[in-house]
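Shown next, in the form of structure tokens:
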């Protein structure tokens with residue numbers, strides 16, 4: 002009987018363990034397979050749901066253009082209910098709803114969609130134009146794509162990154178990504194066309210925060226950056242409050258959420274149809290957000306079949322799409 006040394010035995014065991022670990026890792030994140038999202042990541046995303054008192058803080062910090070004067074800091078507060086509307090293993094969607102705590106009026110705010118190891122992004126270029134980009138398998142592996150939508154569920158921006166968890170903190174940071182002008186400025190400024198932003202979502206004991214490192218860009222008609230005018234920091238604090246304050250928003254969503262889900266389906270059909278999407282800012286001097294909000298309100302008040310809802314919504318959105326872009 003042939004004997005082997007302890008060194009040979011140990012080496013054999015180590016190789017077997019390594020092969021098993023490699024096989025396990027390959028099966029968990031195999032190319033072409035969506036894999037299974039880590040539960041810690043899912044817990045962090047779902048922790049952003051609930052009722053929050055919010056502090057919005059934005060401050061231009063550095064002038065990059067000669068003669069440019071930094072704008073005054075933007076500080077605002079609000080109360081918001083964040084509703085989980087999709088909760089699947091690799092796909093989570095959160096709808097933000099603003100609440101007027103004096104009148105209980107509710108306004109549909111932004112929507113964030115999280116997809117694990119998503120390879121297809123719709124990236125903002127400039128001037129209401131978005132272009133598809135496909136990530137490689139290596140780029141997407143282990144990442145979550147955050148897709149952020151406007152109040153009318155049209156696209157805003159998308160970025161991808163990995164959640165990192167330590168003993169008492171969960172943090173997600175995006176790749177540098179372009180964004181349209183923020184809502185606080187797009188009706189007031191025309192001296193730049195896009196933000197280049199790095200977004201961070203950090204879960205805290207008191208709730209969560211959204212940090213932004215922003216650069217304001219001047220772009221030519223082809224989306225090429227020709228000038229940088231300023232740097233800006235953003236810090237939005239979501240401080241958890243009594244969920245009872247979110248009751249008006251929950252009722253509002255119960256009445257209108259089904260109709261808005263049909264709107265999302267229409268947008269998904271539009272995204273799938275073309276590698277480029279360009280939208281008009283206004284039609285008949287009305288932005289899409291206002292037109293669509295009124296239409297959804299009327300449809301929600303009636304017993305309209307889903308296919309009819311989608312047909313009417315599609316007709317409205319089509320009037321804002323710039324063809325041949």
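In my numbering, the protein residues as written are 2 to 326. Cβ atoms here follow ideal geometry from the backbone N, Cα and C, with glycine treated the same way.
Uninterrupted alpha helix (DSSP H) stretches at least 4 residues long and entirely within the segment 90–121 do not occur.
Residues 96 and 150 of the same chain have their beta carbon placed closer than 6 Å to that of residue 112, with the five preceding and five following residues left out of the count. Among the bridge pairs identified by DSSP, residue 165 is matched with 172. For residue 230, the uninterrupted beta strand (DSSP E) run begins and ends at 226–241, by DSSP.
The secondary-structure analysis by DSSP pairs residue 124 across a beta bridge with 132. The straight-line gap separating the alpha-carbon atoms of residue 154 and residue 264 is approximately 7 Å. Here residue 82 is not near residue 71, since their CB atoms are 8 Å or more apart.
DSSP places residue 56 in the uninterrupted beta strand (DSSP E) bounded by 51–64. In its chain, beyond the 5 residues on either side, 118, 161, 162 and 163 have a beta carbon closer than 7 Å to the beta carbon of residue 144.
In the DSSP assignment, residue 280 forms a beta bridge with 322. Judged by DSSP secondary structure, residue 218 falls within the beta strand (DSSP E) whose first and last residues are 208–220. When DSSP states are grouped into helix, strand and coil, residue 160 belongs to the strand group. Of the candidates 169, 315 and 229, 229 places its Cα closest to the Cα of residue 61. Cβ contact annotation for residue 266 (same chain, cutoff 8 Å, sequence separation greater than five): 311, in chain order. Shown here for residue 124: same chain residues with a beta carbon closer than 8 Å to its own, the five before and five after excluded, namely 131, 132, 133, 134, 158, 159, 178 and 179 in chain order.
By the neighbour-count criterion, in which a residue is buried when 16 or more other Cβ atoms sit within 10 angstroms of its Cβ, residue 269 is exposed. Contact between the segment 39–58 and the segment 238–256 is present: 3 or more CB-CB pairs across the two stretches fall below 8 Å. Nearest neighbour of residue 73 by Cα position, chosen from 64, 80 and 122, turns out to be 64. Contact between the segment 184–192 and the segment 207–215 is absent, with fewer than three C-beta pairs closer than 8 Å. In the DSSP assignment, residue 292 falls within the unbroken alpha helix (DSSP H) covering 289–301.
One alpha carbon belongs to residue 40, the other to residue 89, and they sit about 12 Å apart. The beta carbon of residue 300 sits closer than 6 Å to the beta carbons of 260 and 310 from its chain, once the five residues preceding and following it are set aside; these are given in chain order. Sequence-distant Cβ neighbours of residue 166 in its own chain, meaning closer than 6 Å and more than five residues away, are 41. In the displayed model, residue 305 falls within coil according to three-state DSSP, outside both helix and strand.
Taking all protein chains shown into account, residue 307 has fewer than 16 neighbouring C-beta atoms within 10 Å of its C-beta and is therefore exposed. The C-beta distance from residue 93 to residue 43 rounds to 7 Å, short enough to meet the 8 Å contact threshold. Scanning its chain for C-beta atoms nearer than 6 Å, with the 5 sequence neighbours on each side dropped, one finds around residue 58 the residues 76 and 236, in chain order. At a Cβ-Cβ threshold of 8 Å, residue 193 and residue 217 count as neighbours.
Secondary structure of residue 194 (DSSP, three-state): coil. In the DSSP assignment, residue 260 falls within the unbroken alpha helix (DSSP H) covering 248–274. Between residue 85 and residue 249 a beta carbon distance of about 17 Å is seen, past the 8 Å cut, so the two are scored as non-contacting.
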